[in-house]
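Shown next, in structure tokens, is the structure this report addresses.
Protein chains in written order, with this note's numbering: chain Y, 8 to 344; chain H, 8 to 344; chain L, 8 to 344; chain F, 8 to 344.
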């Protein structure tokens with residue numbers, strides 16, 4: 008089928024490529040003429056304006072937005088007046104599901120459908136396919152299934168779950184209609200929240216291995232430092248790249264994140280190219296807020312989030328306060344370095 | 008080669024089977040004659056006593072212990088006098104690495120070698136192979152490579168890490184000599200610590216999805232309960248089995264643990280067969296203690312461990328104290344259920 | 008001065024009493040005639056309706072609301088039409104500061120002033136005085152200082168902070184104008200967030216002491232339980248009431264919460280009267296959400312909040328998932344009790 | 008009575024002063040002659056050697072050690088041969104209770120008594136008195152009560168806990184015999200663990216207040232930063248010194264630590280004199296390890312400990328790993344500063 012695509016960054020352009028490989032036609036638009044031109048050369052139908060994009064799409068139209076979350080409302084505002092009742096808008100970015108709920112209502116008043124699609128797969132999506140979590144009305148979602156199916160990874164990319172044979176549905180084909188407006192981004196939000204926890208688990212564990220030679224370092228002995236009681240028990244020099252690699256085969260903790268970790272540690276065992284200031288991009292925060300609203304305990308996901316804040320120096324004032332208190336009651340002075 | 012195996016529980020007997028499939032000979036012993044008999048029928052060489060086991064092994068002998076951690080010292084004590092200098096003992100169970108360090112010293116005094124092997128793979132090891140993390144002296148470890156190779160998963164079980172071609176080593180063959188005595192169980196310990204974190208991340212995230220319909224429940228409105236400000240934002244009824252399934256394909260959080268989770272949720276969507284009293288088997292505790300000794304922050308792994316304690320009701324006294332304090336300063340009474 | 012008070016629950020009626028003790032006049036209203044009558048007997052001026060309350064107050068009026076947070080908007084809606092420009096409304100309850108910001112704007116459009124006052128002191132406030140954190144426009148706050156001063160604890164209730172002599176301000180008199188609309192409840196919100204952390208710290212520590220005899224209990228020895236390595240190190244039977252008491256004198260952790268804890272433990276050493284289902288009343292949640300918005304790491308306050316959720320069984324589904332995963336990869340069965 | 012004191016640092020010398028003020032005699036020794044001389048000038052009986060100290064004490068002797076934890080075993084080794092059966096040694100420092108258990112056994116073999124005393128009070132102890140948690144045999148503890156009573160704060164330093172009248176015991180006099188060998192330091196260990204949690208709770212909460220103006224800062228808008236949804240809700244400039252001060256009077260979170268915090272914030276509102284590298288001195292670590300041994304959930308105390316590690320840069324490698332993973336799956340580059 009023919010789909011409009013707005014936003015030709017890395018994600019948007021790769022999706023267009025994957026769709027065209029599956030035989031779909033894409034009418035593409037981007038604020039950058041160059042980006043449009045590049046996709047035209049790859050086989051897409053270019054549009055120099057939103058009007059042209061609307062004109063080149065058959066009704067009922069389907070337009071996929073792949074723009075930064077902060078730009079979605081503006082894009083919808085520009086696009087909606089150019090569409091007709093029955094057309095469908097798809098937000099494939101990282102919107103907060105709360106915005107989806109609002110947008111679906113606003114667009115419904117114009118007779119437009121709104122679908123929110125959380126996608127996972129990152130820079131590997133073109134090759135591996137995109138896992139898609141979808142929210143919105145059943146009719147428009149159903150109509151767009153060929154698009155979702157083309158973007159999704161092949162079913163054979165993972166072995167079949169035993170007992171799945173009779174269940175049907177699209178989950179094992181890599182896309183899922185999760186529920187009404189916002190459901191797709193809600194599930195994607197939690198997906199990312201889980202991602203924070205998984206990443207932190209690997210990072211903390213590997214850090215313990217990295218420092219397993221703590222006993223070999225001549226410890227500074229002063230009143231402000233706790234000496235190791237049994238330094239000989241911490242005299243291992245582990246090869247982290249090898250350890251991550253061996254865990255990839257047969258262990259309980261094998262995963263795609265571990266695959267990537269093994270690759271990074273192989274390339275750069277001491278990770279000297281990174282400063283360790285870890286960004287967080289919204290979903291982790293929203294996940295924890297949702298947990299709080301629901302009264303669901305999430306000590307692990309929360310700890311992962313707060314450690315990201317700490318990594319960026321955001322704990323500095325609190326840490327200074329601790330030093331100030333220690334100074335006040337015990338006369339303790341901070342150790343330098 | 009010919010290997011002695013002591014302990015024919017699920018793990019030990021499966022290992023014997025996998026070794027024999029690869030052409031190795033196993034002399035097997037267990038306190039249960041039945042267990043020995045079953046393996047003899049499967050092709051193993053039975054031993055009715057430790058003396059017989061020792062007699063049936065060529066020197067230098069190699070004996071693999073697959074007994075509960077609490078029984079290893081006793082087994083070593085029984086076995087050592089029956090061995091000769093140059094023989095090697097392998098502990099393939101879940102020993103604390105601190106014990107390995109001690110045992111290696113004790114056995115060295117008798118001229119015996121001690122190898123600690125942390126294995127991961129669980130009940131799937133027979134079929135998938137066992138990931139093996141190995142500690143001990145280089146010589147004996149080298150000599151036993153055919154055994155480790157036979158137990159390990161095939162290299163092709165995971166795609167090759169880009170850039171690995173030139174590096175050599177055995178990591179991508181599923182087993183790794185990690186360092187001296189205790190190194191194998193140290194790495195396995197941290198492996199399990201990571202496992203706790205990964206499991207908790209999935210469990211917490213899926214629990215948020217499970218309770219995403221919190222807004223649909225008629226909330227009890229009293230002074231002790233915080234009402235949801237926007238209940239309509241929590242009106243999703245998610246199918247967790249489908250969501251776990253869709254994440255298995257193409258998403259950043261795909262993993263073997265997720266594969267298993269998808270299977271469990273398919274079989275039993277509400278998990279009613281479980282009480283939620285989660286055991287912890289030692290390695291998670293030791294991991295956090297090692298982190299503390301090394302001053303390595305592990306907020307996520309720690310939170311996962313403490314939540315396991317909580318799941319078993321161990322927080323009860325602390326929780327009662329909180330209620331008591333709230334009663335004291337605010338006159339708050341606990342809500343019943 | 009003369010103040011209107013709406014809401015004569017425990018907090019409201021005690022405040023009226025404290026104000027009258029200081030020589031102020033209170034015009035009181037409550038949905039319950041009985042409650043009004045009781046305060047009239049204590050010396051207050053009763054009002055049978057909001058109209059009567061408004062009529063009995065001199066302009067510019069000042070009316071203090073001491074009603075449940077969920078009822079404040081309704082109360083403001085009833086009251087505002089009966090007031091005149093220049094009058095001031097005070098919300099002394101536990102409102103979310105976000106609501107204060109909105110209300111102040113709405114009331115400003117009618118020429119009314121809105122002051123938010125977070126109060127701490129609980130059931131002891133009548134006797135000890137109420138710590139007050141105040142938000143709103145400077146003029147009305149200034150005008151109401153005699154009220155705040157009367158409700159506040161005496162300056163001598165705590166020894167003077169060294170160096171405070173020259174600083175001025177009202178902080179050491181027990182009330183503080185913290186900033187514009189919402190500032191009072193923002194500070195109170197964080198106050199309660201801190202309270203959650205403090206309470207959890209005591210509760211966890213005392214729980215460690217409570218279980219310091221773990222080594223004396225005949226441990227169940229099975230594969231699902233980690234035995235204590237050195238049980239003789241955990242053979243203390245501590246008297247928690249005595250320990251809390253001794254900490255009250257001279258220790259770094261003495262506090263008012265500890266005073267209350269010592270009292271509760273004295274009355275009921277095993278706390279058998281409590282079930283351990285700990286409520287959370289909103290401020291703790293809002294505190295953590297504010298921290299997330301600000302990117303401020305709050306691992307401790309978050310952990311305290313999530314443990315409260317856990318205490319009420321909200322972790323059950325996640326815990327069951329952990330058991331399900333353990334069953335899947337390791338064949339582990341849950342221990343019963 | 009007459010007591011020997013070894014170790015005349017700040018703690019030891021202040022204790023000698025407080026004891027002498029109460030009429031006790033102290034025979035003092037320190038490796039520094041100057042330190043001895045200073046105490047002699049203050050009224051103590053100097054000893055130039057351990058032999059002299061032993062000679063100047065009547066039997067059964069009582070010698071209090073106030074030396075760094077790392078030096079206690081050496082000091083006991085030097086001292087024990089100079090003592091006679093029935094004499095008592097007191098360790099008043101911050102020993103690990105595990106060492107107490109061992110030492111008590113070793114000294115018992117020589118007929119010597121060993122008492123462990125955890126003391127809290129810091130640099131204020133001379134003036135306020137020392138809270139003392141005591142472990143050891145009942146007889147020697149009983150005999151030393153006059154010493155403990157002199158060091159303790161006066162009973163009137165805190166108001167009596169209601170209902171305490173009939174209970175008896177010494178807890179409300181500021182010292183407590185908690186149990187056998189190690190009990191004193193066990194309770195002190197947990198005391199410090201609680202202290203970590205309390206301190207973190209205040210520090211985190213005040214940090215939220217400190218950053219409550221986050222909405223006023225021109226945010227960097229890029230794909231790696233989550234913008235505030237409602238920046239106007241974070242536009243407060245709070246005076247932390249005033250807020251800490253107001254909380255000191257009448258609030259639920261008043262405490263001695265808050266008193267000190269108010270003082271520090273008054274002197275140095277931005278805490279610029281501190282770097283925020285927070286030491287941890289052993290007890291916090293041991294507390295969490297004890298909790299793990301006992302299976303007692305301590306999410307809050309653990310989070311406080313791990314944040315201290317983080318404050319010293321110990322999370323760096325884990326943080327770099329997170330950045331590496333994000334780079335690997337999403338092509339994310341770290342933001343510079």
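The beta-carbon is built from N, C-alpha and C at its ideal position, and this holds for glycine as well.
The segment 62-77 of chain H contacting the segment 95-115 of chain H, beta-carbon criterion three pairs below 8 Å | yes
Are the beta-carbon atoms of residue 253(Y) and residue 138(H) separated by less than 8 Å?
-> yes
Using the rule of at least 16 other Cβ atoms within 10 Å of the residue's Cβ for burial, across every protein chain shown, is residue 14(Y) buried or exposed?
-> buried
Beta carbon of residue 123(H) nearer than 8 Å to that of residue 107(H) = yes
Residue 143(H) and residue 188(H) look like a contact to me (Cβ under 8 Å); what is the Cβ gap, rounded to whole Å?
-> 6 Å
Per-residue contacts from residue 310(F) into chain H (C-beta, under 8 Å) = 306, 309, 310
For residue 49(F): DSSP bridge partner residues = The partner list for residue 49(F) (beta bridge, DSSP) is empty, contrary to what the question assumes.
Going by C-alpha distance, which of 212(Y), 262(Y), 238(Y) is nearest residue 247(Y)?
-> 212(Y)
Roughly how many angstroms separate the alpha carbons of residue 116(L) and residue 87(L), rounded to a whole number?
-> 11 Å
Taking 8 Å as the CB-CB cut-off, is residue 194(F) touching chain H?
-> no
By Cβ distance below 6 Å, which residues in the same chain neighbour residue 184(H) in space, the five residues on each side in sequence not counted?
-> 141, 148
So, is residue 167(H) buried or exposed, given that buried needs 16 or more other C-beta atoms within 10 angstroms?
-> exposed
List the endpoints of the continuous beta strand (DSSP E) containing residue 32(F).
-> 32-36
DSSP beta-bridge partners for residue 185(Y)?
-> Paired residues: none, contrary to the question.
Following the continuous alpha helix (DSSP H) through residue 317(Y), name the residue where it begins and the one where it ends.
-> 306-318
Residue 245(Y) beta carbon less than 8 Å from that of residue 216(Y) | yes
Three-way DSSP call (helix, strand, coil) for residue 70(H) in this model | strand
When you check each C-beta in the segment 293-304 of chain L against every C-beta of chain Y, which residues fall closer than 7 Å?
-> 295, 296, 299, 302, 303, 304
On the DSSP bridge assignment, give the partners of residue 139(Y) in chain order.
-> 126(Y), 182(Y)
Which residues does DSSP pair with residue 9(H) in a beta bridge?
-> 32(H)
Buried or exposed (CB count within 10 angstroms, at least 16 for buried), residue 196(F) = buried
Could you give the DSSP three-state label for residue 97(L): helix, strand or coil?
-> strand
When DSSP labels each residue in this structure, what does residue 198(L) get in the three-state scheme?
-> helix
Since residue 291(F) and residue 312(F) are thought to touch, with beta carbons under 8 Å apart, how far apart are those beta carbons, to the nearest angstrom?
-> 5 Å
Please indicate yes or no: does the CB of residue 335(H) lie closer than 7 Å to some heavy atom of the ligand COA?
-> As far as ligands go, the structure on display features none, and thus does not contain the ligand COA.
Hey, is residue 179(L)'s beta-carbon within less than 8 Å of any beta-carbon in chain Y?
-> no
Minimum length 3: unbroken beta strand (DSSP E) runs contained in the segment 228-297 of chain F | none
Separation of residue 206(L) from residue 267(F), as counted between CA atoms | 19 Å
Does the beta carbon of residue 271(Y) come closer than 8 Å to any beta carbon on chain F?
-> yes
Compare the C-beta of residue 164(Y) with all C-beta atoms of chain L and state if any pair is closer than 8 Å.
-> no
What does residue 321(F) touch in chain H if you count any residue whose Cβ is under 7 Å from its own?
-> 302, 303, 304
Got a sec? Which residues, its chain only, sit under 6 Å from residue 182(H) by beta carbon, not counting five neighbours each side?
-> 139, 155, 159
Comparing the C-beta of residue 116(F) with each C-beta of chain L, is any distance below 8 Å?
-> no
Cβ of residue 119(H) within 8 Å of any chain L Cβ = no
Have a look at residue 200(F) and residue 174(Y) and give me their C-alpha separation to the nearest angstrom.
-> 52 Å
Return the residue from the list 133(F), 19(F), 105(F), 54(F) that minimises the CA-CA distance to residue 80(F).
-> 105(F)
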